[in-house]
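Numbering (the working numbering), first residue to last: 1 to 451. Remarks on the structure that follows.
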């Protein structure tokens, strides 16, 4: 007889933990990656792209919370799409979510390696990235409460550093620098920059993956999301605009460590404060790599528990109450990506998974409103149906832009999806009721209470 303890997760997370996990998941997007958008759009072109994406995320989050509070399941969009559209809907949403989080992790690891290399040029980028990957796999295995406490600490430090950064570079901001060659590629550059604007907020939806580990999820999940979104919008706009005005922005548009380089321009490369800032800058990246490993492992866990991935990946460690095999497998995929891709390619692939997942989530929301009108909805979508419709439309625009400007990466994404569908059909899983009870009804599994 199967031991129920092997499928149970602890309910220990509070709003402050959710804020920390959400901001921690995303905050690396303020430290690197976004500046690659300047390279294809210029400063004003990228500002327009960022405002479009910010609107997408505001409308998405205020719609997505309806799903996360109504169906607090570790599978997130995978669970919502299955419940709304059946096995194939669940497969597409689950695949997209896995791509989103599993490839965000190596992108962040690359930047961590670049920061360490900036501080200590004798240390190679790849060895440093690998080391961080291993360290945070082990931390996540050690327990969700322990890792959540770490998230709060490291996220507060990361936010504080970005505020200090804005204070330092703000005194050197010049509007003529920011407005120099502002849209070199016109409106086509705005669309080309959308994936890098998404990187500012990508992974905030990961809070849904720890829904089964939240105390009073119907009350606390919306609070965590809203506090995090406000924090991230202010940081994203502040960092992007102020950094663009301190020098010729083209000097920063291709780097994996734009903030330390910006500080070195302001204070001088030999300044001790530059080294100190770069060292503290590791906190933001550490917060995000920790959070993406946490979220991706819960997605693997949920899909395995529901029969979409090998059942062994749903085993929960008897000592730490964490899905250790799911964490380890995710780490292995991160290692492969680090060896085979570049930061820009990995970011684009991760963003593509994210926007497909956003589209599937909004479609699920509309379907469930019709299919299950009596479903308890503790936090209904704001301004329904306008907000979810805007989120769906802008997500579709982002997807088209990514496919147009990144054809080979798009082929890779869809080839992977085609393979997943082929295996799914070959194994006959589309004909079987393989889902756990939570996918079809309100969560029924008793989860262990916090001690």
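Glycine included, each C-beta is placed from N, C-alpha and C at the ideal position. From a predicted model like this one, the values you see are computed outputs, not experimental measurements.
Exercise for review: Would you tell me roughly how many angstroms separate the C-alpha atoms of residue 426 and residue 310, rounded to the nearest one?
Suggested key: 15 Å
Review point. Using the beta-carbon count (16 or more within 10 Å), is residue 175 buried or exposed?
Key: exposed
Check your understanding: Which first and last residues belong to the alpha helix (DSSP H) in which residue 178 is found?
Key -> 175 to 178
Point to revise | Whole alpha helix (DSSP H) elements within the segment 401 to 434, 4-residue minimum | key: 407 to 426
Review point. In terms of residues, what are the limits of the alpha helix (DSSP H) holding residue 35?
Key: Counting along the chain, residue 35 falls outside any alpha helix (DSSP H), and DSSP gives it neither H nor E.
Review point. Rounded C-beta distance between residue 200 and residue 236? I'm assuming under 8 Å.
Key: 4 Å
Practice item. Please classify residue 118: is it buried, with 16 or more other beta-carbons within 10 angstroms of its beta-carbon, or exposed? Key: By the neighbour-count definition (other C-beta atoms within 10 Å, threshold 16), residue 118 is a buried residue.
Check your understanding: Which stretch, first to last residue, makes up the alpha helix (DSSP H) that contains residue 120?
Key -> It is not in any alpha helix (DSSP H) - residue 120 carries neither H nor E in the DSSP assignment.
**Study point:** C-beta atoms of residue 454 and residue 298 nearer than 7 Å
**Key:** Nothing in the structure corresponds to residue 454, since the chain is present only between 1 and 451.
Point to revise | Closest by C-alpha distance to residue 13, when choosing among 121, 216, 265 and 322 | key: 216
Review point. Within the chosen definition, does the segment 347 to 364 reach the segment 162 to 175 through at least 3 CB pairs nearer than 8 Å?
Key: no
Exercise for review: Could you check how far apart the C-beta atoms of residue 158 and residue 284 are, in whole angstroms? I think they sit under 8 Å.
Suggested key: 4 Å
Exercise for review: Just grab the DSSP bridge partners of residue 13 for me.
Suggested key: 214
Check your understanding: What residue range is occupied by the uninterrupted alpha helix (DSSP H) comprising residue 462?
Key -> One cannot answer for residue 462 here, as it falls past the ends of the chain, which runs 1 to 451.
Review point. In whole angstroms, what separates the C-alpha of residue 382 from that of residue 197?
Key: Roughly 24 Å separates the two Cα atoms.
Practice item. Report the option in 43, 25, 320 and 357 whose CA atom is closest to the CA atom of residue 181. Key: 43
Review point. Is residue 324 helix, strand or coil by DSSP?
Key: helix
Check your understanding: Among 149, 114, 188 and 94, which has the Cα closest to the Cα of residue 257?
Key -> 114
Point to revise | Beta-carbon separation (whole angstroms), residue 245 vs residue 173, contact threshold 8 Å | key: 4 Å
Check your understanding: Could you give the C-beta distance for residue 364 and residue 57, rounded to a whole number, given that I count them as a contact under 8 Å?
Key -> Not really, about 18 Å apart at Cβ, beyond 8 Å.
Check your understanding: Mind checking whether residue 193 and residue 37 have CB atoms under 7 Å apart?
Key -> yes
Review point. What separation, rounded to the nearest whole angstrom, lies between the Cα atoms of residue 324 and residue 220?
Key: 26 Å
**Study point:** Distance, residue 318 Cα to residue 273 Cα
**Key:** 46 Å
Exercise for review: Could you check how far apart the C-beta atoms of residue 454 and residue 15 are, in whole angstroms? I think they sit under 8 Å.
Suggested key: Past the edges of the chain, shown from 1 to 451, lies residue 454, and the structure says nothing about it.
Exercise for review: Quick one: measure Cβ to Cβ for residue 292 and residue 129, integer angstroms, because I've assumed they're closer than 8 Å.
Suggested key: Between residue 129 and residue 292 the Cβ distance is about 14 Å, and since that is not below 8 Å, they are no contact.
Check your understanding: Taking the C-alpha atoms as reference points, what is the distance between residue 2 and residue 315?
Key -> Because residue 2 carries a pLDDT of 46, less than 50, the predicted location of this residue cannot be relied on, and the following value inherits that uncertainty. If you take the alpha carbons of residue 2 and residue 315, they lie about 11 Å apart.
Practice item. Measure from the alpha carbon of residue 205 to the alpha carbon of each residue in 188, 213 and 229, then state which is nearest. Key: 229
Exercise for review: Determine the extent of the alpha helix (DSSP H) in which residue 348 is found, giving its start and end residues.
Suggested key: 343 to 371
Review point. Residues in its own chain within less than 7 Å of residue 271 by CB, not counting five upstream and five downstream?
Key: none
Review point. Would a C-beta distance cut-off of 7 Å place residue 416 and residue 102 closer than the cut-off?
Key: no
Practice item. Consult DSSP for residue 442 and reduce its assignment to one of helix, strand or coil. Key: With a pLDDT of 40 at residue 442, under the threshold of 50, the predicted position of this residue should be treated as unreliable, and no value is reported.
**Study point:** Distance CB(residue 287)-CB(residue 24) smaller than 7 Å
**Key:** yes
Check your understanding: Whose CA, out of 125, 269, 191 and 227, lies closest to the CA of residue 396?
Key -> 191
**Study point:** Selection from 124, 360 and 300 that minimises the alpha carbon distance to residue 333
**Key:** 300
Check your understanding: Run through DSSP, which three-state label would residue 253 get?
Key -> Here residue 253 sits in coil by DSSP.
Exercise for review: List the whole-angstrom C-beta distance separating residue 289 from residue 387, where the pair is believed to meet the contact cut-off of C-beta under 8 Å.
Suggested key: So it is not a contact: roughly 31 Å between Cβ atoms.
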